[in-house]
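Numbering (my numbering), first residue to last: 23 to 485. We treat Cβ as the ideally placed atom computed from N, Cα and C, and that holds for glycine. Note that the structure is a prediction, hence the values are computed from the model and not measured.
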Amino acid sequence: MVSINNFEKYNKFMRLLLLSVALGGFTDLYDTAIVGGASLTLIKSLNLTSAEFGLFGASTFIGGAVGAFSFGLISDKIGRKRTFVITLLIFIVSELLISAVTNFAELLALRLLVGFGIGADYPPALTMLSEYSSKAERGKYLIKFLIVFSLGGMLSYFVATALLPFGLLQWRLLFLTGAIPPIIALSLRRKLPESPRWYATKGMIDKAKSAMEEMGLIPDISQFTKREQEIVDSKLFRIFLPLLISIFFVNMLLNLPLSGLVALNPILLSALKIPANLDLIFSGLAFLGSQSIGAVLAYPLYDKVGRINMLLIGSAITGGSLITMSFLASPSYASYLIVLLAVAGVFASFYLPVIYSLSTEIFPTKIRGTSQGMGILAIRIAGIIGIFGGSFITAAYGTHGLLLVYGIINFIAFLIALFTLHGKIRVEGRELEDISDEIVDKGEYKENVEEESLKNDDKKRGN
């Protein structure tokens, strides 16, 4: 068990860590929402075609997919702190340069780098938050992360609206503001020590103890050097592969409707005949604002109800809301649609912290960053499909078809989670090592049973 020696020092450290990590998530949603907020002035300023603007929007997710996977691996090799300092530097430089681009080629290249930087940030950042949090508070810290995360998208729309009087300069100023949160986060992250758990897996025992003392913990690393140290990485991946596959598809399917709704919100607003001058405000409040409310409601339930149960409740109600909206997709039902969209946003917050952080809780330290990278890769792939696939569905079947497909996708994710994750793992109030050790024990037992069965079959054939 990880024991706290100095509560004042530990709580101060955790506030610093939470703010530095949450600002990364805030930056992600703020920057993603910029695409919609800057669309009118950006398209006019650079004379972009619809195809070019669509590719620009998707490029964030394309870069993010590459960044999440590659830096997930890298964070397991060189450490959490180094990695999530590098990722923010990439994002900050690219975001500042975007404000000065003069053509589509420059815009696309830099947008890919922006996506790469923010996608690469999640594996080390959320992994570090989980590894530093006490077992009693880990769930609450992950929900607090989501609350700050959701505020980023909402604020982006308000800033975009406030900058509209600047005309064609609006989009350039908007991207400049996008660099402010990560600059603050970078200054905070430089003060943090490396994860003691990562140090311990690399045999750097003295550094692990020093990091624990720095954050107010008793420097006992025995918990960090348990079962996983005895097992080679290839065997760990083999044991955890079924969970990795399940989480990958659940993450991808649940994030696909969310990404599509954010990116294609102007189409939905147009179908509802929302006045153009209210588009951005509506976008910020109706869906992303309700996510903030949902995160607050989820805060006291996350540990009591359980991660997977929260995911099941959230995905079912969000899916039901979207399907109901599909049958009311008409301007005459605009008020009902707004309420249903808000309900979807509230209950999406029940599963968002799960899909973003579950991998950091169930996978062992040696492969935690890589596994988290795979989970974020799934989310980024969902963003790509959500934009291109959503545009195709809307063109072919209208807003009704888009909402119906998104609702069905949510229910497919619900079924996968119900049959592959529910009742299989329990993470609430447990040390990370206890969670992964239990899975390893079950995996080794299954492998031993299978090996014994094969031996018996060979004996029977021999006889």
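- For Ala404, the number of other beta carbons within 10 angstroms of its own is at least 16, and it is reported as buried.
- Taking the C-beta atoms as reference points, Pro145 is found nearer than 8 Å to Gly391.
- Taking a C-beta distance under 8 Å as the contact criterion, Phe93 and Gly395 qualify as a contact pair.
- Of the residues Met274, Gly225, Ile202, Gly408, the one whose Cα lies closest to the Cα of Thr387 is Gly225.
- Runs of the alpha helix (DSSP H) lying entirely within the region 189-254, each at least 4 residues long, are 192-200, 202-211, 218-223, 227-236 in chain order.
- A Cβ-Cβ separation of about 6 Å places Leu344 in contact with Pro279 under the 8 Å criterion.
- By the Cβ-count criterion, Lys103 is buried, with 16 or more other Cβ atoms from all chains shown falling within 10 Å of its own Cβ.
- In this structure Asp228 is exposed. Its beta-carbon is surrounded by fewer than 16 other beta-carbon atoms within 10 angstroms.
- A Cβ-Cβ separation of about 6 Å places Val136 in contact with Thr82 under the 8 Å criterion.
- Separation of Gly238 and Pro215 (C-alpha to C-alpha, rounded to the nearest whole angstrom) is 12 Å.
- Excluding five sequence positions before and after Ser178, the CB atoms of its chain that fall closer than 6 Å to its own CB belong to Tyr52, Ala55, Ile56, Gly59, given in chain order.
- For Ile377, the closest C-alpha among the options Leu362, Ser413, Ser337 is that of Ser337.
- Judged by DSSP secondary structure, Ser354 falls outside any alpha helix (DSSP H); it is assigned neither H nor E.
- Secondary structure of Ile140 (DSSP, three-state): helix.
- Counting only the Cα atoms, Thr71 lies some 7 Å from Ile65.
- Residue pairing by DSSP places Ile96 opposite no residue, since no beta bridge is assigned to it.
- When Cβ pairs closer than 8 Å are counted between the two stretches, the region 152-165 is seen not to touch the region 354-364, the count staying below three.
- A distance below 8 Å separates the beta carbons of Leu119 and Leu132.
- Annotated three-state conformation of Ile26 is strand, per DSSP.
- For the pair Ile261 and Ile461, the CB atoms are nearer than the 8 Å cut-off.
- In this structure, the beta-carbon distance from Val107 to Arg211 falls below 8 Å.
- Taking a 10 Å sphere around the C-beta of Ser354, we find fewer than 16 other C-beta atoms and assign the residue as exposed.
- Spanning the alpha carbons of Phe385 and Leu263 requires a straight line of approximately 10 Å.
- Taking the C-beta atoms as reference points, Thr340 is found no nearer than 8 Å to Asn277.
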